[in-house]
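J.:
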Ligand code: NAD
């Protein structure tokens, strides 16, 4: 039987949750979950395979009709109780996030609050999907538009926000009246397991949300896509895996929402307040150790401010405290894996070889944890890999630009289009540049843009669809038009 090797998770919480019950995987196999700060195994969870995937789909299909027909107010109440319960258990959630994912406890607490907000927001949105009634312009027939749940959903989440990425999908799916199979990242399944308990306690009926923890996401996902009952996939993760799932979704023309990778430009315009820009940069770059799809990936700074901006950012970066997320003093925790540290070091080396100067950092800190020094590179030249790839680490590459047209051209010179940041002397100057950026979201004079009420998502290879806001609910609704003679 799968169980936790520490008191971190309840021994009953195996990982696989089907039809309202915790179960072992049918194969009896488990896989280990590690603490990125130490490498220690912190839990063993059930390792679902294709047989478990079919059982989870059976449970979601069995619960679908009743849940779809339930009163919107009833679904709203479940979500509202779940919101309260997550906040009641915020310390438990924060501790679990920090142990399995590594972020500092204070950031884990912020994630709990941010993640819980999706439950509250969609408890409020659940009761608004009323539709509209009218008539043809010619007047002969009625024109009634109804909004119905899209159907059985497959929800796949990444490791970097183990709670928020789960609630951002589950809350709108439940609000819309859909049932779901949730597959969290294999690196961070424990927070999702805790969330399943919270949902059950909040009155979510058995089978409405089912959980598959697995070390073989490819095989499990193929089994899910082969099932004709699947109507919707919502995926958050890398663009490479997103492409694979889009191909699989094509087979049965399954509705898709794709929240994929980013390569956010952070533009500092001439005349911007440098100290304020550095404040915004610290958040946009170092939140989650740089492991956020919205993380500032390329700092594009006007030549007149480049030296001052680089010096101040390097100074502030040296003050960050790198250590285990469980230490209250820590501001930068470990990266998720050792491979992530090695990849960052290769990107730094490549940039330096191509002419960048290292203003601070650039080294691994301690071989036993996945620690990387916060790093600032200046004068990063075109062609450096760090400008083309998603860094996903506390590394800030700075490049200069001569004119605003140059900044916009450089910012858009990427396959990605998720987030962008503009530091400008006035809001109007920032908005003028924002209008020219090929991205789904822009922050002006701020390093934080995510909010449960806002439509989060990208363009180009950063994906399609939106999470959060009223747009997030649309992703789980199908429109039906009905007409009859008037
Ligand atoms: P990943 O693509 O490796 O994994 C994401 C999920 O996909 C995990 O649950 C994983 O188990 C699953 N998966 C992996 N291979 C699969 C396959 N062949 N078939 C089916 N499922 C598979 O991404 P990650 O490393 O967990 O997360 C980091 C990535 O997520 C980054 O690129 C980041 O930008 C992106 N991300 C995007 C957003 C957004 O909203 N746009 C938010 C957070 C993270």
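Residue numbers (the working numbering): 1329 to 1814.
Ideal Cβ positions, reconstructed from N, Cα and C, are used throughout, including at glycine.
Is the CB-CB distance between residue 1725 and residue 1705 below 9 Å?
T.: It is a contact, given that the beta carbons lie within the stated cut-off.
J.: Under a Cβ-count criterion, where at least 16 other Cβ atoms within 10 Å of its own Cβ denotes burial, should residue 1489 be classed as buried or exposed?
T.: Flag for residue 1489 reads buried.
J.: Looking at the ligand NAD, does it come within less than 8 Å of residue 1410, judged from the CB to the closest heavy atom?
T.: It does not: the Cβ of residue 1410 is nowhere closer than 8 Å to a heavy atom of the ligand NAD.
J.: If we call anything under 9 Å between Cβ atoms a contact, is residue 1619 one with residue 1551?
T.: Cβ atoms of residue 1619 and residue 1551: not closer than 9 Å.
J.: If you measure from the CB of residue 1617, is any heavy atom of the ligand NAD nearer than 8 Å?
T.: Residue 1617 Cβ: outside cutoff for every heavy atom of the ligand NAD.
J.: Leaving out five residues before and five after residue 1622 in sequence, what residues of the same chain have Cβ atoms less than 8 Å from its Cβ?
T.: Excluding sequence neighbours, residue 1622 sits near 1590, 1592, 1612, 1746, 1747, 1769, 1777, 1778.
J.: Alpha carbon to alpha carbon, what distance is there between residue 1703 and residue 1681?
T.: When rounded, the distance between both Cα atoms is 16 Å.
J.: Can you find the residues in the same chain that come closer than 8 Å, C-beta to C-beta, to residue 1415, ignoring five residues on each side of it along the sequence?
T.: So the list reads 1440, 1441, 1444, once near-sequence residues are dropped.
J.: My parser needs the alpha helix (DSSP H) runs of 4 or more residues fully inside the stretch 1663-1738; what are they?
T.: For the stretch 1663-1738, whole alpha helix (DSSP H) runs of length 4 or above, ordered along the chain, are 1666-1681, 1713-1716.
J.: How about residue 1573: is its Cβ closer than 8 Å to a heavy atom in the ligand NAD?
T.: The answer is yes for residue 1573.
J.: Does DSSP put residue 1595 in a helix, a strand or coil?
T.: Strand.
J.: Closer than 8 Å: is that where the CB of residue 1494 sits relative to any heavy atom of the ligand NAD?
T.: No.
J.: Between residue 1484 and residue 1534, is the Cβ-Cβ spacing less than 9 Å?
T.: No, they are not a contact pair.
J.: So which of 1804, 1548, 1361, 1583 has the shortest CA-CA distance to residue 1521?
T.: Nearest C-alpha to residue 1521: 1361.
J.: Can you tell me which of 1688, 1563, 1595 puts its alpha carbon nearest to the alpha carbon of residue 1760?
T.: Closest option to residue 1760, Cα to Cα, is 1595.
J.: Return the chain-ordered list of same chain residues with a C-beta closer than 8 Å to the C-beta of residue 1333, the five sequence neighbours on each side being excluded.
T.: Bear in mind that a pLDDT of 42 at residue 1333, under 50, signals an unreliable position, so the number given afterwards is only what the model happens to contain. Closer than 8 Å at the Cβ level, and outside the excluded window around residue 1333, lie 1369, 1370, 1371, 1372.
J.: Taking DSSP as the reference, what is the three-state secondary structure of residue 1539?
T.: Looking at residue 1539 - three-state DSSP - the assignment turns out to be strand.
J.: Return the residue from the list 1419, 1585, 1446 that minimises the CA-CA distance to residue 1780.
T.: Of the candidates 1419, 1585, 1446, the one whose C-alpha sits nearest the C-alpha of residue 1780 is 1446.
J.: Could you tell me the distance, in whole angstroms, from the CA atom of residue 1801 to the CA atom of residue 1389?
T.: If I take the Cα positions, the gap works out to 20 Å.
J.: Taking only runs that begin and end inside the stretch 1334-1409, name each unbroken beta strand (DSSP E) of 3 or more residues, in chain order.
T.: List check, beta strand (DSSP E) in window: 1344-1346, 1349-1351, 1358-1362, 1369-1374.
J.: Can you tell me the Cα-Cα spacing of residue 1403 and residue 1657, whole angstroms?
T.: Their Cα atoms are separated by approximately 40 Å.
J.: Quick check: what's the CA-CA separation for residue 1477 versus residue 1449?
T.: Using only the alpha carbons, I get a separation of about 18 Å.
J.: Does the beta-carbon distance from residue 1376 to residue 1347 come in below 9 Å?
T.: Going by C-beta atoms, residue 1376 is not nearer than 9 Å to residue 1347.
J.: Do residue 1407 and residue 1451 come within 9 Å of each other at the CB atom, strictly closer than that value?
T.: It is a contact, given that the beta carbons lie within the stated cut-off.
J.: Report whether the distance from the Cβ of residue 1801 to the nearest heavy atom of the ligand NAD is below 8 Å.
T.: No.
J.: Given 8 Å as the limit, tell me if residue 1484 has its C-beta closer than that to any heavy atom belonging to the ligand NAD.
T.: Yes, the ligand NAD has a heavy atom inside 8 Å of this Cβ.
J.: Helix or strand or just coil, what does DSSP make of residue 1500?
T.: Residue 1500: helix per DSSP, three-state reduction.
J.: Could you give the first and the last residue of the continuous beta strand (DSSP E) run that contains residue 1431?
T.: No beta strand (DSSP E) holds residue 1431; DSSP gives it neither H nor E.
J.: Measuring alpha carbon to alpha carbon, tell me which residue in 1344, 1432, 1670 is nearest residue 1652.
T.: Out of 1344, 1432, 1670, 1432 has the C-alpha closest to the C-alpha of residue 1652.
J.: I'd like the ranges of any beta strand (DSSP E) spanning at least 3 consecutive residues and lying wholly in the stretch 1443-1531.
T.: The qualifying runs are 1460-1463, 1470-1477, 1480-1484, 1508-1511.
J.: When the distance is taken between beta carbons, is residue 1700 closer than 9 Å to residue 1692?
T.: Closer than 9 Å, so yes.
J.: Looking only at DSSP bridge pairs, what is residue 1628 linked to?
T.: According to DSSP, residue 1628 bridges with 1595, 1727.
J.: When we look at the beta-carbon of residue 1649 and count the other beta-carbons within 10 Å, is it buried (16 or more) or exposed?
T.: So residue 1649 counts as exposed.
J.: Report the option in 1719, 1384, 1739, 1634 whose CA atom is closest to the CA atom of residue 1282.
T.: The shown model of the chain, from 1329 to 1814, leaves out residue 1282, and the question about it has no answer.
J.: According to the neighbour-count rule (16 or more other Cβ atoms, all chains shown, within 10 Å of its Cβ), is residue 1464 buried or exposed?
T.: Residue 1464 is exposed by the Cβ-count criterion.
J.: Going by beta carbon distance, what residues of the same chain come within less than 6 Å of residue 1437, once the five residues before and after it are set aside?
T.: Contacts found: 1422.
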